[in-house]
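Colleague: With my numbering, the residue at position 82 of the sequence shown is 899, and numbering never jumps.
We put the beta carbon where it would ideally sit given N, CA and C, even for glycine.
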Amino acid sequence: MMDDLFPDTINKSEHGATWWAGNWECRNWNGYFQSRESGRGNWCFQVPWFSNDNLTCSVYAIDANGQPQTRDLIPIDQENRITIQGRKYSRDFWHH
């Protein structure tokens, strides 16, 4: 609870770290950035852009300094599922 009041004290580079950005609850999930509105619902990956062929995309990750970065070439299958760390996630688990 206190970390929410003092967000600079949160080590965002650490797996499992959670923090609030306005109305969005955010977390570091194995180096990937996830968020959910009002702290409810599915944790979702953030997809800022797609490749020209729509076979891959970029997602936001968190670097060793706790700063956002993008990871490219995340596969998208024909069912619009992204694959992260060998697991497929449907549209219920990512936002663009």
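Can you list, in chain order, the residues of its chain whose CB lies under 6 Å from that of Met818, leaving out five sequence neighbours each side?
Modeller: For this step, residue 818 is matched to residue 1 along the sequence shown. In this predicted model, Met818 has a pLDDT of only 46, less than 50, meaning its place in the structure is not dependable; the value taken from the coordinates is given anyway. Closer than 6 Å at the Cβ level, and outside the excluded window around Met818, lies no residue.
Colleague: DSSP state of Arg908, grouped into three classes?
Modeller: As a working mapping, residue 908 is identified with position 91 in the sequence shown. If DSSP states are grouped into helix, strand and coil, Arg908 belongs with the helices.
Colleague: With contact counted as at least three CB pairs below 8 Å, one residue from each stretch, are the region 841-850 and the region 861-877 in contact?
Modeller: The region 841-850 vs the region 861-877: in contact.
Colleague: Gly833 to Gly858, Cα distance in whole Å?
Modeller: For this step, residue 833 is matched to residue 16 along the sequence shown. For this step, residue 858 is matched to residue 41 along the sequence shown. Taking the straight line from one Cα to the other gives about 17 Å.
Colleague: Using the Cβ count rule (16 or more neighbours within 10 Å means buried), how would you classify Ala878?
Modeller: Walking along the sequence shown from the start, residue 878 turns up at place 61. Per the 10 Å Cβ criterion, buried.
Colleague: Can you give me the C-alpha to C-alpha distance between Ser875 and Ser868, rounded to a whole angstrom?
Modeller: Numbered from 1 along the sequence shown, position 58 holds the residue referred to as residue 875. Numbered from 1 along the sequence shown, position 51 holds the residue referred to as residue 868. Each residue's Cα considered, the two are about 8 Å apart.
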